[in-house]
Amino acid sequence: GNSVTQMEGPVTLSEEAFLTINCTYTATGYPSLFWYVQYPGEGLQLLLKATKADDKGSNKGFEATYRKETTSFHLEKGSVQVSDSAVYFCALSDPSGGSYIPTFGRGTSLIVHP
Amino acid sequence: GAGVSQSPSNKVTEKGKDVELRCDPISGHTALYWYRQRLGQGLEFLIYFQGNSAPDKSGLPSDRFSAERTGESVSTLTIQRTQQEDSAVYLCASSSGTGHNQPQHFGDGTRLSIL
Chain U
13 GNSVTQMEGP
23 VTLSEEAFLT
33 INCTYTATGY
43 PSLFWYVQYP
53 GEGLQLLLKA
63 TKADDKGSNK
73 GFEATYRKET
83 TSFHLEKGSV
93 QVSDSAVYFC
103 ALSDPSGGSY
113 IPTFGRGTSL
123 IVHP
Chain H
3 GAGVSQSPSN
13 KVTEKGKDVE
23 LRCDPISGHT
33 ALYWYRQRLG
43 QGLEFLIYFQ
53 GNSAPDKSGL
63 PSDRFSAERT
73 GESVSTLTIQ
83 RTQQEDSAVY
93 LCASSSGTGH
103 NQPQHFGDGT
113 RLSIL
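Structure representation (structure tokens):
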């Protein structure tokens, strides 16, 4: 079956620090990969995605590269802000087997201090 | 354009009562998903609708849970004889098709509290 593993949080950083949130996956087929962000009291929002190996998704200063050889999709940002404090979810969607139900990681909480 | 809309945003009810949660997907989105998110936890898949196909109910935790969708529009999630362990945020998401590279668009959820 499919699975997504994220580093456990919370991740606590000072403003302007470098961020990495690790995500690795297992999939039967060739999945698309996503990062979603959830701010307090809200639903998830798509942050970025990548659909094939070596693709780099980017948005709002965040980046993640689809690494098929290491089955990873780590999220990075060079300089975090207090407003980036949220929960980040890594997810995959695998077309094999005909299921369109994505697999989500457990989420990683990010806390950024001024 | 409007995003995914869920109502009510908050619901407090007594144990044993039935509750109905509503989701309005983005217009034209054929796929609709319901998830449960317990406090501080990840997403638990409940049910998936795609167009007029039979829904995938594999995530429903018990027969107290049911959901309906009329065509490609509104969906309702019903929980009968609520229990305290049903307390959670219920999230609805829609997407534009069956392509596996289509992202999901989420509502803000319904926060359900069972007293």
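Chains as they are written, first to last, in my numbering: chain U, 13 to 126; chain H, 3 to 117. Yeah, the Cβ is synthetic: ideal placement off N, Cα and C, and Gly gets one too.
In this model, H:GLU16 and H:THR78 are separated by some 20 Å (Cα to Cα). Within chain U, the C-beta atoms nearer than 7 Å to that of H:ALA33 come from TYR112, in chain order. H:SER29 and U:LYS89 have their alpha carbons spaced roughly 33 Å apart. Buried is the label assigned to U:LEU59, since at least 16 other Cβ atoms lie within 10 Å of its Cβ. Of all C-beta pairs linking the segment 18-25 of chain H to the segment 67-84 of chain H, three or more are shorter than 8 Å, placing the two stretches in contact. At least one beta carbon of chain U lies nearer than 8 Å to the beta carbon of H:TYR50.
A contact is defined here as three or more CB-CB pairs under 8 Å, and the segment 71-87 of chain U meets this definition with respect to the segment 27-43 of chain U. Legend: CB atoms of the segment 45-57 of chain U lying less than 9 Å from CB atoms of chain H belong to residues PHE46, TYR48, GLN50, GLY53, GLU54, GLY55, LEU56 and GLN57.
Per DSSP, the unbroken beta strand (DSSP E) holding U:VAL16 starts and ends at 15-18. Taking U:LEU56 as reference, the option from U:ILE123, U:ARG118 and U:VAL124 with the minimal CA-CA separation is U:ARG118. When the beta-carbon positions are compared, U:TYR112 and H:HIS31 stay at least 8 Å from each other.
At a C-beta separation below 7 Å, H:PRO105 has these neighbours in chain U: PHE46, LEU58 and LYS61.
Residue state for U:SER91 is assigned as coil, using DSSP reduced to three classes.
Taking a beta-carbon distance threshold of 8 Å, U:ASP66 does not count as an interface residue toward chain H. Cβ-Cβ distances below 6 Å link U:PHE116 to PHE101 and ALA103 in the same chain, with the five nearest sequence neighbours on each side left out; the list follows chain order.
In this structure, U:LYS61 lies near H:PRO105, with their beta-carbon atoms less than 8 Å apart.
DSSP places U:PHE101 in the uninterrupted beta strand (DSSP E) bounded by 98-105.
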